[in-house]
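Undergrad: Residues 67 to 462, numbered by the working numbering, are exactly what the sequence shown covers, in order. Every residue gets a Cβ at the ideal spot worked out from N, C-alpha and C, and that includes glycine.
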Amino acid sequence: MDRATNPYTPNAGAPPRYLAGRRAEVEDFRVLLRRLSRGYTEQSVVVTGLRGVGKTVLLGQYQAVAADEDWVAIDAEVSKNTPFGPQLANLARRALLQVSPKARWGSRARIAAGVIKSFSLTVQPDGSLTGGLDVEAEHGRADTGNLNDDLADVFEALGAAARERDRGVVFLFDEVQFLSKAELEALIGAVHRTVQRQLPVTFAGAGLPQLPGLAGDAKSYAERLFKFPEIGPLPPEAAAEALVEPARAEGVTFAAAAVADVVRYTDGYPYFIQEFGRAVWDVAEGPTITADDARAAEALVEAELDSSFFRSRVQRSTPEELRYMRAMAELGAEAQKASDVAEVLGKASEQVAPLRARLISKGLLYTPRYGYAKFTVPQFDRFMNRYMALDDVPPA
Ligand SMILES: Nc1ncnc2c1ncn2[C@@H]1O[C@H](COP(=O)(O)OP(=O)(O)OP(=O)(O)O)[C@@H](O)[C@H]1O
Ligand SMILES: [Mg+2]
Numbered sequence: 067m068d069r070a071t072n073p074y075t076p077n078a079g080a081p082p083r084y085l086a087g088r089r090a091e092v093e094d095f096r097v098l099l100r101r102l103s104r105g106y107t108e109q110s111v112v113v114t115g116l117r118g119v120g121k122t123v124l125l126g127q128y129q130a131v132a133a134d135e136d137w138v139a140i141d142a143e144v145s146k147n148t149p150f151g152p153q154l155a156n157l158a159r160r161a162l163l164q165v166s167p168k169a170r171w172g173s174r175a176r177i178a179a180g181v182i183k184s185f186s187l188t189v190q191p192d193g194s195l196t197g198g199l200d201v202e203a204e205h206g207r208a209d210t211g212n213l214n215d216d217l218a219d220v221f222e223a224l225g226a227a228a229r230e231r232d233r234g235v236v237f238l239f240d241e242v243q244f245l246s247k248a249e250l251e252a253l254i255g256a257v258h259r260t261v262q263r264q265l266p267v268t269f270a271g272a273g274l275p276q277l278p279g280l281a282g283d284a285k286s287y288a289e290r291l292f293k294f295p296e297i298g299p300l301p302p303e304a305a306a307e308a309l310v311e312p313a314r315a316e317g318v319t320f321a322a323a324a325v326a327d328v329v330r331y332t333d334g335y336p337y338f339i340q341e342f343g344r345a346v347w348d349v350a351e352g353p354t355i356t357a358d359d360a361r362a363a364e365a366l367v368e369a370e371l372d373s374s375f376f377r378s379r380v381q382r383s384t385p386e387e388l389r390y391m392r393a394m395a396e397l398g399a400e401a402q403k404a405s406d407v408a409e410v411l412g413k414a415s416e417q418v419a420p421l422r423a424r425l426i427s428k429g430l431l432y433t434p435r436y437g438y439a440k441f442t443v444p445q446f447d448r449f450m451n452r453y454m455a456l457d458d459v460p461p462a
């Protein structure tokens, strides 16, 4: 069919034409904002899930809900290469300017501007982050150089400024697992402060499934401040909708057998569904997509996944890391015991522990429970098995 009207969105973070499932999550977020607006306390959310499951898309929905509720939503992606302090200074500055334009700053907003300026100069002394903040820095606030203390000051000042305007501020952070322990601790501590002061500022986020553990290590009270709902693959009915609905809007239908094939192949993972939808649309004559079309598309989907989605995950891995993951894949998709993987490699656990730690820090593996590791990418075991043989030199 016409590629120009292909309605599927197999791209990272791309809002799907039809958002399947996730209604409860979106509604919970609305309730969170409404409660905070009214001065009630409520646990904030950090959504967790595997790669391609729809975390970034859900954060996008949160952003829409925030706009709908007249909250200021500031979204950002955490990265190992971006220093968090300066990033936060910039985001806080943007938040304040969106809470109210400078011409209409009240006394709280002016103080907040001074606190944010003070914070900005602390994390970036050259002053390059203070644009739009032409007030005196509030000396003695947010200027200790300890992110823990300073960020709490910033959140508190922002909260007071937001409340002055009957608004709220929510920071939406993606890839939260890439925060260092100290950074995560500071963020949780800052939210703690706003909860104590009943101020309408919070942070919600998304990241890989090791997050609840990381947060608990950083601050013991994290579990009381945050919920960590895990989003998984779509259940069969929602998976079918994710496939069928975008086509239906274009006047194209699916044979039931084709839907069943796609749901089976993708295991309900949203990214795989979008990739399959796109391929089968291009292959099919239409206006009904048949089981034959689905069968013809399957090989194309697999080639596409291998060359992009999976491939990009292994590209920056060393041969030793690849061998480790291949050994894990040998054992299957489930969480694997470190000692079992070492055994496949013919090594002692201690010998390969640094490798395992590196793969976790790169976000390729996570530890669902002590001593076990699992792939963060769905169906990665199958890919590794296709990619190289156990005793092979890994492909370049
Ligand atoms: N609820 C949904 N219904 C239909 N398609 C969806 C849904 N959620 C996400 N998608 C699609 O799935 C793909 C992956 O979504 P997204 O980028 O949000 O995943 P992610 O969990 O953030 O992945 P990663 O961990 O790699 O960042 C996108 O192509 C998106 O269009
Ligand atoms: Mg994402």
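#1: Say the cut is 6 Å; is the CB of Thr148 nearer than that to a heavy atom of ligand 2?
#2: If I measure Cβ to Cβ from Arg174 and keep anything under 6 Å in the same chain, skipping five residues before and after, which residues do I get?
#3: How would you call Pro299, buried or exposed, if buried means at least 16 neighbouring beta carbons within 10 angstroms?
#4: With a CB to CB cut of under 7 Å and the five nearest residues on each side skipped, what residues in its chain are close to Pro152?
#5: What residue range is occupied by the uninterrupted alpha helix (DSSP H) comprising Ile426?
#6: Quick one: does the C-beta of Thr122 sit closer than 6 Å to a heavy atom of ligand 2?
#7: Can you list, in chain order, the stretches of the alpha helix (DSSP H) that have 4 or more residues and sit fully within the stretch 276 to 317?
#8: According to DSSP, is Thr75 helix, strand or coil?
#9: For ligand 1, is there any heavy atom lying closer than 6 Å to the beta carbon of Arg88?
#10: Do Asp348 and Arg69 have their C-beta atoms closer together than 7 Å?
#11: Does the distance between the C-beta of Leu85 and the nearest non-hydrogen atom of ligand 1 fall short of 6 Å?
#12: For Val119, verify whether its CB is less than 6 Å away from any heavy atom of ligand 1.
#13: Quick check for students: name the residue ranges of the alpha helix (DSSP H) that lie wholly in the stretch 153 to 233, counting only runs of 4 or more.
#14: Under a three-way DSSP split, which group does Asp240 fall into?
#15: Val380 and Ala393: beta carbons closer than 7 Å?
#16: Any heavy atom of ligand 1 closer than 6 Å to the Cβ of Thr114?
#17: Can you list, in chain order, the residues of its chain whose CB lies under 6 Å from that of Met391, leaving out five sequence neighbours each side?
#18: Considering only heavy atoms of ligand 1, does any lie closer than 6 Å to the CB of Gln340?
#19: Would you say Gly79 touches ligand 1, meaning its beta carbon is less than 6 Å from a heavy atom?
#20: What is the DSSP secondary structure of Ala321, counted as helix, strand or coil?
TA: According to the data block:
#1: As a first step, residue 148 is located in the sequence shown; it is residue number 82 there, counting from the start. It does not: the Cβ of Thr148 is nowhere closer than 6 Å to a heavy atom of ligand 2.
#2: Here residue 174 refers to the residue found at position 108 when the sequence shown is read from its first residue. Cβ within range, chain order: Ala226, Ala227 and Glu230.
#3: Numbered from 1 along the sequence shown, position 233 holds the residue referred to as residue 299. Buried, because 16 or more other Cβ atoms sit within 10 Å of the Cβ of Pro299.
#4: Working through the sequence shown from its first residue, we reach residue 152 at position 86. Counting only Cβ-Cβ distances below 7 Å, and skipping sequence neighbours, we find Val189, Gln190 and Leu195.
#5: The residue labelled residue 426 in the question sits at position 360 within the sequence shown. Ser415 to Ser427 is the span of the alpha helix (DSSP H), which, as asked, contains Ile426.
#6: Within the sequence shown, the letter at position 56 stands for residue 122. Correct: Thr122 has its Cβ closer than 6 Å to ligand 2.
#7: 277 to 284, 288 to 291 and 302 to 314
#8: Taking the first residue of the sequence shown as position 1, residue 75 is located at position 9. If DSSP states are grouped into helix, strand and coil, Thr75 belongs with coil.
#9: Within the sequence shown, numbered from 1, the residue matching residue 88 stands at position 22. Yes, ligand 1 has a heavy atom inside 6 Å of this Cβ.
#10: Indexing the sequence shown from 1 puts residue 348 at position 282. Indexing the sequence shown from 1 puts residue 69 at position 3. Against a cut-off of 7 Å, the Cβ pair of Arg69 and Asp348 comes out as a contact.
#11: If you number the sequence shown from 1, residue 85 lands on position 19. Because some heavy atom of ligand 1 lies under 6 Å away, the Cβ of Leu85 counts as near it: yes.
#12: The residue given as residue 119 occupies position 53 in the sequence shown. Val119 Cβ: within cutoff of ligand 1.
#13: 173 to 189 and 213 to 230
#14: Locating residue 240 in the sequence shown gives position 174, where the first residue counts as 1. Asp240: strand per DSSP, three-state reduction.
#15: Translated into positions along the sequence shown, residue 380 becomes position 314. Translated into positions along the sequence shown, residue 393 becomes position 327. No, they are not a contact pair.
#16: As a working note, residue 114 is residue 48 in the sequence shown. False, no ligand heavy atom lies under 6 Å from that Cβ.
#17: For the purposes of this step, residue 391 is taken as residue 325 along the sequence shown, with counting starting at 1. Once the five neighbours on either side are set aside, the close Cβ partners of Met391 are Met450.
#18: Residue mapping note: residue 340 aligns to position 274 of the sequence shown, counting from 1. For ligand 1, at least one heavy atom lies less than 6 Å from the Cβ of Gln340.
#19: One-based indexing of the sequence shown puts residue 79 at position 13. Yes; taking the cut-off as 6 Å, the Cβ of Gly79 has a heavy atom of ligand 1 nearer than that.
#20: Numbered from its first residue, the sequence shown carries residue 321 at position 255. Correct three-state label for Ala321: coil.
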